[in-house]
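Shown next, in structure tokens, is the structure this report addresses.
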Amino acid sequence: GQSLEQPSEVTAVEGAIVQINCTYQTSGFYGLSWYQQHDGGAPTFLSYNALDGLEETGRFSSFLSRSDSYGYLLLQELQMKDSASYFCAVREITSGGSYIPTFGRGTSLIVHP
Amino acid sequence: DSGVTQTPKHLITATGQRVTLRCSPRSGDLSVYWYQQSLDQGLQFLIQYYNGEERAKGNILERFSAQQFPDLHSELNLSSLELGDSALYFCASSVEGGKNEQFFGPGTRLTVL
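Shown next, in the form of structure tokens:
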């Protein structure tokens, strides 16, 4: 079985830095992904970590520690448009050799002026 | 625009009815995933097809079924609809391997009255 835990809501002010944590329990692990979803919109891919360490893409960075079953998404220089839901996701390997994508319940980020 | 299309955008129907949701993946993507997203819920993986064959199955109800056609478009069939089936249904496509980045369509909002 598996589970993903992430905070339900995070608030921050424009220009600040915010970190959204994600812990996972999986019976097989094949990378941690992050997706952004604005209200009523489709999820869009932000980042992927297969190995330990930090991946940076512009204002967004993502970190993974496989030994701690933990990762985080770091958003810098927050802008109002960053207000959205952020989902961490893993791919579990089943006994049959297929991959099951599993998403956390999402963190609602509210950016205040 | 992710390149994934879904029709219809909105669907209103009654309990007990049957509906079909349609998805066309990005050009070149062989994998199609179906997800259900209820209010304040994360993305629940339903089923995945790869090049016409079922690849992985999530918590998909027996009343639901899907298929992928030779032109790679996919359909999700929902039957004996219940009020609790009201949700956003997303289709995503990907190129398997690597980051396994999924590209999501705009979704179909299903309302069961």
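As given, the protein sequences belong to chains R and L, one line each in that order. Under the working numbering, the first residue of the first sequence is numbered 1, with each subsequent residue one higher. Under the working numbering, the first residue of the second sequence is numbered 114, with each subsequent residue one higher. Ideal Cβ positions, reconstructed from N, Cα and C, are used throughout, including at glycine. Keep in mind the model is a prediction, meaning the values are calculated, not measured.
According to the Cβ coordinates, are residue i and residue j closer than 7 Å?
| i | j | result |
| --- | --- | --- |
| LEU109 of chain R | VAL10 of chain R | yes |
| LEU4 of chain R | GLY104 of chain R | yes |
| THR126 of chain L | VAL225 of chain L | yes |
| THR107 of chain R | ILE20 of chain R | yes |
| SER62 of chain R | TRP34 of chain R | yes |
| GLU209 of chain L | PHE45 of chain R | no |
| VAL117 of chain L | SER206 of chain L | yes |
| ARG91 of chain R | GLN76 of chain R | no |
| SER187 of chain L | TYR162 of chain L | yes |
| PRO115 of chain R | PHE217 of chain L | There is no way to answer for residue 115 of chain R, as the model of chain R reaches only from 1 to 113. |
Looking at the secondary structure, which residues open and close the beta strand (DSSP E) in which residue i lies?
| i | result |
| --- | --- |
| ILE160 of chain L | 157-163 |
| ASN288 of chain L | The structure shown does not extend to residue 288 of chain L, since chain L spans only 114 to 226, so no value can be given for it. |
| GLY71 of chain R | 70-75 |
| VAL208 of chain L | Neither: VAL208 of chain L is in no beta strand (DSSP E) and is coded neither H nor E. |
| SER85 of chain R | 84-93 |
| GLU56 of chain R | 53-57 |
| GLN25 of chain R | 18-25 |
| ASN49 of chain R | 44-49 |
| THR224 of chain L | 221-225 |
| TYR148 of chain L | 144-150 |
| GLU9 of chain R | 9-13 |
| HIS112 of chain R | 107-112 |
| PRO101 of chain R | 99-103 |
Kindly indicate which three-state DSSP category residue i falls into: helix, strand or coil?
| i | result |
| --- | --- |
| GLY197 of chain L | helix |
| LYS122 of chain L | coil |
| ASN172 of chain L | coil |
Pull up the CB-CB distance for residue i and residue j, whole angstroms please, since I reckon it's below 8 Å.
| i | j | result |
| --- | --- | --- |
| LEU201 of chain L | ARG176 of chain L | 18 Å between Cβ atoms; not a contact. |
| GLN149 of chain L | LEU134 of chain L | Actually they are not in contact, since the Cβ atoms of GLN149 of chain L and LEU134 of chain L sit about 11 Å apart, beyond 8 Å. |
| ALA89 of chain R | GLN36 of chain R | Wrong, their Cβ atoms sit about 12 Å apart, outside the cutoff. |
Pull up the DSSP beta-bridge partners for residue i, would you.
| i | result |
| --- | --- |
| GLN235 of chain L | No answer is possible for residue 235 of chain L: the residues shown for chain L start at 114 and end at 226. |
| SER65 of chain R | R:TYR70 |
| LEU4 of chain R | R:TYR24 |
| GLY30 of chain R | Correcting the residue identity first, residue 30 of chain R is Tyr in this sequence and not Gly. DSSP, once it has assigned bridges, lists no residue as partnering TYR30 of chain R. |
| SER192 of chain L | Paired residues: none, contrary to the question. |
For residue i and chain B, any beta-carbon pair shorter than 7 Å?
| i | result |
| --- | --- |
| ALA200 of chain L | Among the chains of the structure shown, chain B does not appear; the protein chains present are R and L. |
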